[in-house]
Amino acid sequence: MPYFPVAAQNVGASAEYIKALTPGWDGERFPDGRPKVPDAILERLKNISIEEAWGVLRNKGYQNQYEGEWQIMLPDEAMTGRVVTAQYMPLRPDLEKQVKTQGVEKEGRAPKGGTNSWPIDILTTGDVYVADGYGKIADGTLIGDNLGNAIYAKSQRGVIFNGSVRDQEGLSKIHGFNAWIKGQDPSYIQQMMLTSINTPIRIGRATVLPGDVVLAKKYGVIFIPAHLVEELVLTSEVTGLRDEFGHLRLREGKYLPGQIDSEWTEEIKKDFLDWLNNYPGKLPMTKQELDEYLKERNY
256 MPYFPVAAQN
266 VGASAEYIKA
276 LTPGWDGERF
286 PDGRPKVPDA
296 ILERLKNISI
306 EEAWGVLRNK
316 GYQNQYEGEW
326 QIMLPDEAMT
336 GRVVTAQYMP
346 LRPDLEKQVK
356 TQGVEKEGRA
366 PKGGTNSWPI
376 DILTTGDVYV
386 ADGYGKIADG
396 TLIGDNLGNA
406 IYAKSQRGVI
416 FNGSVRDQEG
426 LSKIHGFNAW
436 IKGQDPSYIQ
446 QMMLTSINTP
456 IRIGRATVLP
466 GDVVLAKKYG
476 VIFIPAHLVE
486 ELVLTSEVTG
496 LRDEFGHLRL
506 REGKYLPGQI
516 DSEWTEEIKK
526 DFLDWLNNYP
536 GKLPMTKQEL
546 DEYLKERNY
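Quick note, the numbering used here runs 255 ahead of the 1-based positions in the sequence shown.
The structure is reproduced here in structure tokens:
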């Protein structure tokens with residue numbers, strides 16, 4: 256009988272696997288394989304509305320990237336960042352043993368403490384820890400204030416959990432830390448286990464990949480494929496300018512609503528370009544970016 260060597264399944268995805276999941280990204284990557292979307296794009300993304308981002312993704316064929324109905328620690332603060340994923344499941348002793356053995360002996364992960372600290376250990380600045388805790392609230396608290404402090408120290412961001420946290424009062428004292436969660440409970444995590452890090456996960460209605468960029472606001476959360484982020488930001492910024500121009504002209508009574516809501520005439524297009532050239536504030540993009548974008552669009 257032939258012998259087939261069997262390699263244990265990693266807890267953390269390999270860089271090669273993450274690269275295979277994200278072939279559309281041709282920019283810089285982290286050592287773990289995740290796309291390294293520039294910080295400047297993450298900052299500009301904060302000003303994009305959920306509806307604008309959703310509209311761009313829908314037009315690209317990505318219709319399952321939004322999730323709503325959150326409890327939010329700082330609802331008036333937007334959060335953007337590069338996703339690190341974690342998958343949790345109900346506890347099964349034989350699988351939990353294999354995960355711990357693989358993680359500690361083969362991957363060098365921390366032998367002490369719970370495995371729910373492992374995703375935190377790999378965070379870097381600009382990362383957002385996104386976990387599927389399958390909606391478990393009581394006994395499903397993935398972090399408390401100790402782990403929350405560790406998360407913020409490493410990432411300068413917060414968390415998005417399809418699950419719960421404990422000690423929300425303590426978490427609220429971590430200046431700058433934010434969280435999108437499904438609930439909170441005073442209980443400790445019990446009868447659940449970590450099964451993988453940086454693999455595809457489901458967050459409610461959304462499919463999330465490691466290296467996605469997240470836009471989290473009080474109106475919901477959007478997970479954006481890395482290779483589409485820059486185009487999404489610029490498209491949404493131009494849409495915002497068009498809306499600003501349209502609202503202004505409607506208030507002035509210069510055009511009828513039907514004229515603004517349909518394909519623009521050459522007169523309106525020229526008016527819009529003239530308005531852009533004399534824009535009263537600071538444009539969100541460079542003039543070169545705007546000019547290149549408008550060359551390829553016909554409103």
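Just so you know, even glycine gets a beta-carbon here, dropped at the ideal spot from N, CA and C. On a predicted model such as this, the values are computed, not experimentally measured, just so you know.
By a beta-carbon distance limit of 8 Å, valine 339 contacts aspartate 382. Their separation comes to about 5 Å.
In terms of Cα proximity to leucine 329, the closest of Ala405, Lys367, Gly431, Gly403 is Gly431. Bounds of the alpha helix (DSSP H) holding proline 374 are 373–376. Contiguous beta strand (DSSP E) elements confined to the region 363–424 occur at 382–387, 414–417, taking only those with 3 or more residues. Look at lysine 524 here: in three-state DSSP terms it is helix. Cβ contact annotation for aspartate 400 (same chain, cutoff 6 Å, sequence separation greater than five): Asp422, Gly425, Leu426, in chain order. Residue range 334–345 is occupied by the beta strand (DSSP E) that includes proline 345. Relative to tyrosine 474, the option among Ile296, Gly279, Tyr321 whose CA is nearest is Tyr321. Taking 7 Å as the cut-off, the beta carbon of glycine 267 is found no closer than this to the beta carbon of glutamate 351. According to the DSSP assignment, threonine 462 belongs to the beta strand (DSSP E) that extends over 461–463. Arginine 289 carries a coil assignment under DSSP once its states are collapsed to helix, strand and coil.
Under the three-state reduction of DSSP output, valine 476 falls in the strand class. Secondary structure of tryptophan 435 (DSSP, three-state): strand. In this structure, alanine 341 places its C-beta atom within 7 Å of the C-beta atom of alanine 386. Taking 7 Å as the cut-off, the beta carbon of threonine 450 is found closer than this to the beta carbon of methionine 344. Around proline 290, the same chain offers Thr277, Trp280, Gly282, Arg284, Gly466, Ala481 as residues with beta carbons nearer than 7 Å, after the five sequence neighbours per side are excluded. Distance between glycine 390 and glutamate 332, taken at the CA atoms: about 23 Å. For arginine 313, the secondary structure class from DSSP, reduced to helix, strand or coil, is helix. Closest option to valine 463, judged by alpha-carbon separation, among Phe478, Leu483, Glu360: Phe478. Ranked by Cα distance from tryptophan 530, the options Glu499, Pro512, Gln514 are led by Glu499. Scanning Ala393, Ala275, Ile375 for the CA closest to the CA of tyrosine 407 turns up Ile375. Annotation: valine 292 to glutamate 298 spans about 11 Å, alpha carbon to alpha carbon.
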